[in-house]
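S.K.: Counting in the working numbering, the sequence shown runs without a single skipped number right up to 639 at its last residue. For every residue, glycine included, the Cβ atom is placed at its ideal position computed from N, Cα and C. Structure incoming, see below.
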Amino acid sequence: MVRLDDVDIKIIKILQDDGRVSISSIGRMLNVSHVAVLKRLKKIERENILKFSALINPKVLELKFATIFGDVQDYDSLQLLLKTFEKCPRIVFLAPMVAGYNFIAIMVAENQDVLENVISICAIRNFKGIRRAEVYITSTPKIPKYIPFRIITERNLENTPCGMKCKTCSAYIEDKCIGCPSTKYYKEIKR
449 MVRLDDVDIK IIKILQDDGR VSISSIGRML NVSHVAVLKR LKKIERENIL
499 KFSALINPKV LELKFATIFG DVQDYDSLQL LLKTFEKCPR IVFLAPMVAG
549 YNFIAIMVAE NQDVLENVIS ICAIRNFKGI RRAEVYITST PKIPKYIPFR
599 IITERNLENT PCGMKCKTCS AYIEDKCIGC PSTKYYKEIK R
């Protein structure tokens with residue numbers, strides 16, 4: 449098990465409060481050199497405790513959310529589901545559970561119409577091996593205020609990461625869905 453000392457924890461806390469604070473400033477706050485802070489940060493990052501990334505404020509972008517509780521038939525189906533959806537740009541959280549359901553997913557979409565199409569046509573709940581699923585449309589998260597929402601710039605896939613085909617989807621053809629952000633068929637919403 450990786451151990452963090454008090455200085456490591458304080459560095460992480462400072463970065464959680466302000467991810468743009470300089471290494472020199474952190475050093476001054478903790479009365480250590482910037483070199484010591486840098487070494488600790490590299491160690492923490494190398495041990496996969498910390499990752500630097502840009503988070504998005506979903507309220508400002510008016511993103512819509514759904515939470516899905518699902519039950520797959522067996523362990524292998526669950527592993528396949530987790531692998532299949534790990535690159536889905538609409539999934540912000542996916543985890544196995546030990547309960548009446550054996551996984552939970554939180555999905556995000558650009559607007560209510562897209563969300564409804566995603567959860568009814570190409571969502572996790574239609575995945576092979578799903579015995580049952582409950583979908584809840586949720587409001588914008590209050591905590592945390594910022595989320596890890598994937599921004600896709602390489603829109604070159606023919607099919608979605610989960611294997612759906614936007615090109616032949618009736619919702620896409622009828623302009624009820626803008627498509628998957630990973631595909632070349634995605635119709636970006638102008639804000």
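Relative to the C-alpha of residue 612, which candidate in 526, 636, 513 and 629 has its C-alpha closest?
M.R.: Position 164 of the sequence shown, counted from the first residue, corresponds to residue 612. Comparing Cα positions, the closest option is 629.
S.K.: Identify, in the order they occur along the chain, each residue of the same chain with its Cβ nearer than 8 angstroms to the Cβ of residue 469, setting aside the five sequence neighbours on each side.
M.R.: Numbered from 1 along the sequence shown, position 21 holds the residue referred to as residue 469. Same-chain partners within the cutoff: 462 and 463.
S.K.: State the CB to CB distance for the pair residue 556 and residue 597, rounded to an integer number of angstroms; the pair is presumed to be in contact (CB under 8 angstroms).
M.R.: On the sequence shown, residue 556 is found 108 positions in, with the first residue counted as 1. On the sequence shown, residue 597 is found 149 positions in, with the first residue counted as 1. Residue 556 to residue 597, Cβ: 6 angstroms. Contact.
S.K.: Would you call the stretch 489–502 and the stretch 551–567 in contact, with 3 or more CB pairs under 8 angstroms?
M.R.: No: fewer than three Cβ pairs fall under 8 angstroms.
S.K.: Quick check: what's the CA-CA separation for residue 627 versus residue 634?
M.R.: Within the sequence shown, numbered from 1, the residue matching residue 627 stands at position 179. Within the sequence shown, numbered from 1, the residue matching residue 634 stands at position 186. Taking the straight line from one Cα to the other gives about 5 angstroms.
S.K.: Following the continuous beta strand (DSSP E) through residue 515, name the residue where it begins and the one where it ends.
M.R.: Walking along the sequence shown from the start, residue 515 turns up at place 67. From DSSP, the beta strand (DSSP E) with residue 515 extends over 512–520.
S.K.: Could you have a look at residue 616 and say whether DSSP puts it in helix, strand or coil?
M.R.: Position 168 of the sequence shown holds residue 616. Here residue 616 sits in helix by DSSP.
S.K.: Are three or more beta carbon pairs between the stretch 589–609 and the stretch 528–536 nearer than 8 angstroms?
M.R.: Counting Cβ pairs under 8 angstroms, three or more are found: they touch.
S.K.: Would you check if there are 3 or more beta carbon pairs closer than 8 angstroms linking the stretch 510–524 to the stretch 572–584?
M.R.: The stretch 510–524 vs the stretch 572–584: in contact.
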